[in-house]
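**Q** Here it is, the structure, as structure tokens.
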Amino acid sequence: MKPDGLTEFLADYPGMSLQPTRHSGTIIRGQFHFKANGSGLATEDAFELEILINKRFPSEIPEVRETAGKIPKTGDYHVNPDGTLCLGSHLRLKKALLEAPDLVSFTEKCLVPYLFNVSIKLRDGGDFVTGELAHGTAGIIYDYMEMFGLSESGQIVYALQLLGTKKRIANKKLCPCGCRLRLGRCPLHHRLNIIRPAAPRSWFSKHRSDVETRRFG
Ligand SMILES: [Zn+2]
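In our numbering, the protein residues as written are 1 to 217.
Put into structure tokens, the structure is as follows:
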């Protein structure tokens, strides 16, 4: 089983090629050349990448590693301790894959924006120029504020709790946005319903307590 969008991906990024593997997933390796712009900046760059695509893609998020040591392996550059690139919060990546479950969309929506930030940072220094790439608990909360349209960390924790609750029951609870309405009567419920299929309820419950403990811990 090849992941959806693989043929288009290989055509769009001719430096990348399929690697033989004894595992059931797909491995793509090579030079990833791209152009991107945003926040009034533009870049054209190339990175040596290895992309591991699980056979359960798009349910499982692909793992991407940079193999030539061009990206410093630090939190500054959003590289995880295991060497995978931190392309965004789990929920943001899941949502992106839910909206467009193919490899080319994943590349354009998640990978290229990350590499754009890295490329600009390597060239000009400073922080990542676009803020939506979450890292650490503070980053995750910031990311969710944007995704959910909420402004306080307590609201995020409560929204995650509601996402861990059956929709019918959650809609009867007080809305996290502070409108004093039941969730089902506030437009926020549309936004949460878009995010809901990104993970099982049990994931949201566990994630809520992770976010909450680290926030207070
Ligand atoms: Zn509300």
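All C-beta atoms in this analysis are idealised placements derived from N, C-alpha and C, irrespective of residue type, glycine included.
(1) So is the beta-carbon of Leu162 under 6 angstroms away from any non-hydrogen atom of ligand 1?
(2) Should Gln155 go down as buried or exposed, given a rule of 16 or more other Cβ atoms within 10 Å for buried?
(3) With a CB to CB cut of under 6 angstroms and the five nearest residues on each side skipped, what residues in its chain are close to Lys109?
(4) Thinking C-beta only, is His190 closer than 7 angstroms to Leu160?
(5) From this set, Lys167, Met16, Asp82, Asn193, which residue's C-alpha is nearest Glu48's C-alpha?
(6) What residue does the alpha helix (DSSP H) around Leu122 start on, and which one ends it?
(7) As a quick exercise: from Glu152, Val79, Ala68, pick the residue whose alpha carbon is nearest that of Asn117.
(8) When we look at the beta-carbon of Met147 and count the other beta-carbons within 10 Å, is it buried (16 or more) or exposed?
(9) In angstroms, rounded to a whole number, what distance separates the CA positions of Thr67 and Arg168?
(10) So is the beta-carbon of Cys179 under 6 angstroms away from any non-hydrogen atom of ligand 3?
(11) With a threshold of 8 angstroms on Cβ separation, who are the neighbours of Thr43 within its own chain once the five nearest residues in sequence on each side are excluded?
(12) Here's the rule: buried if 16 or more other CB atoms are within 10 angstroms of the residue's CB, otherwise exposed. What is Ala198?
(13) Hey, Gly88 and Lys73 are a contact pair by Cβ (cut 8 angstroms); roughly how many whole angstroms apart?
(14) Identify the residues that DSSP records as bridge partners of Asp127: which are they?
(15) With DSSP collapsed to three states, give me the class of Phe47.
**A** Taking the definition as stated:
(1) No.
(2) It counts as buried.
(3) Within the same chain, Cβ atoms closer than 6 angstroms to the Cβ of Lys109 are found at Ala96, the five residues on either side in sequence being excluded.
(4) No, they are not a contact pair.
(5) For Glu48, the nearest C-alpha among the options comes from Met16.
(6) Unbroken alpha helix (DSSP H) run through Leu122: 112-124.
(7) When only C-alpha atoms are compared, the closest one is Val79.
(8) Burial call: buried.
(9) Approximately 47 angstroms, taken between the alpha carbons.
(10) Ligand 3 is not part of the structure shown, which contains ligand 1 as its ligands.
(11) Lys35, Ala36, Asn37, Phe116, Ser119, Ile120, Arg123.
(12) Looking at its Cβ environment, which holds 16 or more other Cβ atoms inside 10 Å, Ala198 is buried.
(13) The Cβ separation is near 18 angstroms, so there is no contact.
(14) Looking at the DSSP output, Asp127 bridges to nothing.
(15) Phe47 sits in a strand when the DSSP states are folded into three classes.
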